[in-house]
Amino acid sequence: MAEIQSPLPGVFYRRPSPDKDPFVQDGDRVEAGQVIGLIEVMKQFSEVQTESAGTLEGFRIDDGDMVHPGDVIAVVAES
Amino acid sequence: MAISTLLVANRGEIAVRILRSARSAGLRTVLAVSEADQDSMAAGLADAVAVVGPAPAQKSYLNAEALVDAAREHGCDAVHPGYGFLSENAAFARRVQEAGLTWVGPSPEVIDLMGHKTRALEAAIAAGVPVLAGSNGPLEGDDDAVLALAREVGYPLVIKASAGGGGRGIRLVRAEEDLLRTVDTARSEAGASFGDTTVYLERFVERARHVEVQVLGDGETFLHLGDRDCSLQRRSQKIVEEAPAPDLPDAVRERMRDSAVDLARLCRYTGVGTVEYLYDPVRHEAAFIEMNTRLQVEHPVTEFVTGVDLVAEQLRIASTGRTQLRQEDITFTGHSVECRINAEDPERNFLPSPGTISRLDWPEGEHYRVDSGVRAGDTVAPYYDSLLAKLIVHAEDRGTAVQRMGAALAATHIEGVRTTVPLLQRLVLDPVFAAVEHHTTWIETELLGGPPSGGSTP
Numbered sequence: 001m002a003e004i005q006s007p008l009p010g011v012f013y014r015r016p017s018p019d020k021d022p023f024v025q026d027g028d029r030v031e032a033g034q035v036i037g038l039i040e041v042m043k044q045f046s047e048v049q050t051e052s053a054g055t056l057e058g059f060r061i062d063d064g065d066m067v068h069p070g071d072v073i074a075v076v077a078e079s
Numbered sequence: 001m002a003i004s005t006l007l008v009a010n011r012g013e014i015a016v017r018i019l020r021s022a023r024s025a026g027l028r029t030v031l032a033v034s035e036a037d038q039d040s041m042a043a044g045l046a047d048a049v050a051v052v053g054p055a056p057a058q059k060s061y062l063n064a065e066a067l068v069d070a071a072r073e074h075g076c077d078a079v080h081p082g083y084g085f086l087s088e089n090a091a092f093a094r095r096v097q098e099a100g101l102t103w104v105g106p107s108p109e110v111i112d113l114m115g116h117k118t119r120a121l122e123a124a125i126a127a128g129v130p131v132l133a134g135s136n137g138p139l140e141g142d143d144d145a146v147l148a149l150a151r152e153v154g155y156p157l158v159i160k161a162s163a164g165g166g167g168r169g170i171r172l173v174r175a176e177e178d179l180l181r182t183v184d185t186a187r188s189e190a191g192a193s194f195g196d197t198t199v200y201l202e203r204f205v206e207r208a209r210h211v212e213v214q215v216l217g218d219g220e221t222f223l224h225l226g227d228r229d230c231s232l233q234r235r236s237q238k239i240v241e242e243a244p245a246p247d248l249p250d251a252v253r254e255r256m257r258d259s260a261v262d263l264a265r266l267c268r269y270t271g272v273g274t275v276e277y278l279y280d281p282v283r284h285e286a287a288f289i290e291m292n293t294r295l296q297v298e299h300p301v302t303e304f305v306t307g308v309d310l311v312a313e314q315l316r317i318a319s320t321g322r323t324q325l326r327q328e329d330i331t332f333t334g335h336s337v338e339c340r341i342n343a344e345d346p347e348r349n350f351l352p353s354p355g356t357i358s359r360l361d362w363p364e365g366e367h368y369r370v371d372s373g374v375r376a377g378d379t380v381a382p383y384y385d386s387l388l389a390k391l392i393v394h395a396e397d398r399g400t401a402v403q404r405m406g407a408a409l410a411a412t413h414i415e416g417v418r419t420t421v422p423l424l425q426r427l428v429l430d431p432v433f434a435a436v437e438h439h440t441t442w443i444e445t446e447l448l449g450g451p452p453s454g455g456s457t458p
């Protein structure tokens with residue numbers, strides 16, 4: 001298992017914009033470097049990427065919720 | 001309609017600024033706050049606080065219904081929107097008026113007109129405001145017509161979204177073979193971003209300066225309060241502003257000022273507004289960019305050189321329908337410079353830096369003004385923009401003002417969050433700034449090096 005941690009404080013979003021589909025769904029295959037979400041801090045958006053390849057087991061933060069540095073955003077089952 | 005209780009629908013330094021002038025004018029004040037701002041510096045200054053929603057701006061400062069409800073519940077009779085958020089939202093202005101409240105700003109019709117760039121451009125042309133060669137309105141016609149117009153205007157040129165603004169929705173075209181494709185892309189992007197596919201075409205000015213004229217009107221009397229230069233920008237966001245705009249030929253300055261007043265008169269402007277121009281230092285020509293129908297972040301430099309309290313004037317015009325100012329009463333003294341202090345780390349590509357301010361020391365003295373939204377011990381939330389405060393200085397001439405700003409920045413100590421103070425020190429001490437050889441993309445392309453961000457955005 002690999003945890004994807006938030007590098008920043010801010011608001012976490014699973015979608016590139018409110019009217020778009022989420023970047024990834026639970027159970028999807030992800031590759032290293034793939035974007036799984038965005039963090040908005042002071043009107044700037046930073047991409048959240050997974051460092052591990054595998055299956056996205058699940059998100060630990062809901063869309064639109066606040067995150068702090070080091071918070072676990074999602075967990076990847078490495079393969 | 002006479003105002004007795006004002007709802008301030010904003011936060012941070014501008015809320016503090018408005019609350020202070022409103023109090024001086026004898027008004028009772030109510031501040032709309034999000035749950036995150038209940039203990040803010042601004043909240044402490046208001047007579048009452050109305051919590052309008054949770055921290056994210058979409059649910060609080062951008063929630064028009066909650067703001068109008070708060071105004072009614074707290075017995076307000078007027079709403080001041082500040083800048084940003086809903087300040088240039090005509091639907092909100094209309095909603096405020098329909099609720100029987102006074103809107104501190106121009107009419108919703110004028111906000112609409114100026115928010116629509118091609119209509120604003122047409123109004124500017126009708127008022128005699130100089131504009132850049134281009135489509136002078138929506139870009140229409142078949143491919144051959146577009147190619148012919150572009151050839152007449154000359155390259156490089158820009159395609160701009162009519163509904164864009166603040167540097168968004170602009171694409172640069174350097175060669176004819178890229179033109180038609182870029183127009184298509186710009187239309188698609190404008191549709192997706194702004195819900196309006198209208199675009200227009202203009203000549204592109206390399207190394208342009210951003211100059212603007214502060215205007216004021218009450219529907220009958222219209223006047224200007226001089227000009228400002230806001231050319232030190234990063235990603236189209238202003239960082240340092242000054243008044244008056246330095247090194248403008250007298251004829252250019254006069255034409256800018258006079259035509260800005262003519263545009264205010266044409267649209268029967270009420271309140272304060274700003275007509276923005278792009279100045280081409282090679283051709284010595286200024287041309288219309290857009291009009292901002294609100295108080296601006298950089299208004300204090302105008303206040304320092306004119307002695308006019310712009311917020312007090314906004315409140316007087318909204319309350320009485322009249323200004324007592326006349327053009328002949330407006331005099332200009334000395335030079336003023338403003339630096340915006342943002343909670344961003346210039347060492348880490350301007351990464352926002354929320355956190356708790358552990359130390360906050362400002363310079364003191366009669367030539368300094370600090371418009372701040374924070375105190376030592378305050379937590380800077382990650383939800384809103386990163387502007388913490390503005391440092392403004394005044395002196396008898398530009399050289400002394402710039403020197404004084406350098407000293408003011410050196411006396412400013414902020415700890416606990418990273419700020420742009422070190423970058424500001426570098427900017428105001430740079431010989432390029434001293435010589436007025438800077439331009440709107442100078443920070444990105446020359447000072448910090450590297451290509452301008454975004455690739456296609458000038």
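Heads up: the protein sequence lines correspond to chains A and B, in order. For the first sequence, UniProt numbering assigns the number 1 to the initial residue and increments by one for each residue that follows. For the second sequence, UniProt numbering assigns the number 1 to the initial residue and increments by one for each residue that follows. Glycine included, each C-beta is placed from N, C-alpha and C at the ideal position.
Practice task
Check whether the Cβ atoms of residue 418/B and residue 387/B lie closer than 7 Å to each other.
Solution key: What you label residue 418/B is simply residue 418 of the second sequence in a count that begins at 1. What you label residue 387/B is simply residue 387 of the second sequence in a count that begins at 1. Not a contact, by the Cβ cut-off of 7 Å.
Practice task
Can you say whether residue 301/B is buried or exposed, counting buried as having 16 or more other CB atoms within 10 angstroms of its CB?
Solution key: Translated into positions along the second sequence, residue 301/B becomes position 301. When all chains shown are included, residue 301/B counts as buried.
Exercise for the section: Along the alpha helix (DSSP H) that carries residue 34/A, what are the first and last residues, could you check? Expected result: Looking up residue 34/A in the first sequence gives position 34. First-last for residue 34/A: undefined, no H or E at that position.
Practice task
Say whether chain A places a C-beta atom closer than 7 Å to the C-beta of residue 385/B.
Solution key: Stepping through the second sequence from its first residue, residue 385/B is reached at position 385. It does; some Cβ of chain A falls within 7 Å.
Problem - Per-residue DSSP class, three states only, for residue 469/B - result: In the structure as shown, chain B starts at 1 and stops at 458, and residue 469/B therefore has no counterpart that could be examined.
Problem - Assigned exposure category for residue 37/B - 16 Cβ within 10 Å defines buried - result: The residue you call residue 37/B lines up with position 37 of the second sequence. That one is buried.
Problem - Coil, strand or helix - residue 44/B by DSSP - result: Here residue 44/B refers to the residue found at position 44 when the second sequence is read from its first residue. Three-state DSSP puts residue 44/B in a helix.
Exercise for the section: Would you kindly work out how many angstroms separate the C-alpha atoms of residue 52/A and residue 27/A, rounded to a whole number? Expected result: As a working mapping, residue 52/A is identified with position 52 in the first sequence. As a working mapping, residue 27/A is identified with position 27 in the first sequence. Each residue's Cα considered, the two are about 14 Å apart.
Handout entry: Distance between residue 45/B and residue 12/B (C-alpha atoms, nearest Å)
Key = Residue mapping note: residue 12/B aligns to position 12 of the second sequence, counting from 1. Residue mapping note: residue 45/B aligns to position 45 of the second sequence, counting from 1. When rounded, the distance between both Cα atoms is 12 Å.
Exercise for the section: Could you check the C-alpha separation between residue 424/B and residue 225/B for me, to the nearest Å? Expected result: Position 424 of the second sequence holds residue 424/B. Position 225 of the second sequence holds residue 225/B. Rounded to the nearest angstrom, the two C-alpha atoms are 26 Å apart.
Practice task
Tell me whether residue 141/B is buried or exposed, calling it buried when 16 or more other Cβ atoms sit within 10 Å of its Cβ.
Solution key: Taking the second sequence and counting its residues from 1, the one referred to as residue 141/B is at position 141. Label assigned to residue 141/B: exposed.
Problem - Where the alpha helix (DSSP H) containing residue 168/B begins and where it ends - result: If you number the second sequence from 1, residue 168/B lands on position 168. Boundaries around residue 168/B are those of the beta strand (DSSP E), 168-173, since no alpha helix (DSSP H) includes it.
Problem - Residues of the UniProt domain "Lipoyl-binding" (1-77) of chain A whose Cβ lies closer than 7 Å to any Cβ of chain B, in chain order - result: Result list: 9, 10, 11, 41, 42, 43, 44.
Practice task
Return yes when the Cβ of residue 270/B is within less than 7 Å of the Cβ of residue 217/B, no when it is not.
Solution key: Within the second sequence, the letter at position 217 stands for residue 217/B. Within the second sequence, the letter at position 270 stands for residue 270/B. With a cutoff of 7 Å on beta-carbon distance, residue 217/B and residue 270/B are scored as near each other.
Practice task
Measure from the C-beta of residue 382/B to each C-beta in chain A and report whether the shortest distance is under 7 Å.
Solution key: In the second sequence, counting from the first residue as 1, residue 382/B sits at position 382. At least one beta carbon of chain A lies nearer than 7 Å to the beta carbon of residue 382/B.
Problem - At least three beta-carbon pairs within less than 8 Å, the region 334-353 of chain B to the region 398-418 of chain B - result: Counting Cβ pairs under 8 Å, three or more are found: they touch.
Handout entry: Range of the contiguous beta strand (DSSP E) that encloses residue 210/B
Key = Numbered from its first residue, the second sequence carries residue 210/B at position 210. According to the DSSP assignment, residue 210/B belongs to the beta strand (DSSP E) that extends over 209-218.
Exercise for the section: Tell me whether the beta-carbon of residue 495/B lies closer than 7 Å to the beta-carbon of residue 375/B. Expected result: Residue 495/B lies beyond the range of chain B shown here (1 to 458); nothing can be said about it.
Exercise for the section: On the DSSP bridge assignment, give the partners of residue 357/B in chain order. Expected result: The residue labelled residue 357/B in the question sits at position 357 within the second sequence. Per DSSP, none; premise fails for residue 357/B.
Exercise for the section: Taking only beta-carbon positions, decide if residue 363/B is within less than 7 Å of chain D. Expected result: In summary, chain D is missing from the structure at hand, where the protein chains are A and B.
Handout entry: Status (buried if at least 16 other CB within 10 Å, exposed otherwise) for residue 58/B
Key = Along the second sequence, one-based indexing puts residue 58/B at 58. Burial is judged here by how many other beta carbons sit within 10 angstroms of a residue's own beta carbon; residue 58/B has fewer than 16 and is exposed.
Practice task
Report yes or no: do three or more beta-carbon pairs, one from the region 56-66 of chain A and one from the region 20-35 of chain A, lie closer than 8 Å?
Solution key: These segments touch.
Handout entry: is_contact[residue 354/B, chain A] using C-beta, thresh 7 Å
Key = What you label residue 354/B is simply residue 354 of the second sequence in a count that begins at 1. Taking Cβ atoms only, chain A reaches closer than 7 Å to residue 354/B, which makes this a yes.
Problem - Buried or exposed by the 16-neighbour rule on C-beta atoms within 10 Å, applied to residue 7/B - result: By one-based count along the second sequence, residue 7/B stands at place 7. That one is buried.
Practice task
Mind the definition here: the region 187-196 of chain B touches the region 150-163 of chain B only if three or more C-beta pairs lie below 8 Å; say whether that holds.
Solution key: Result yes; three or more Cβ-Cβ pairs closer than 8 Å.
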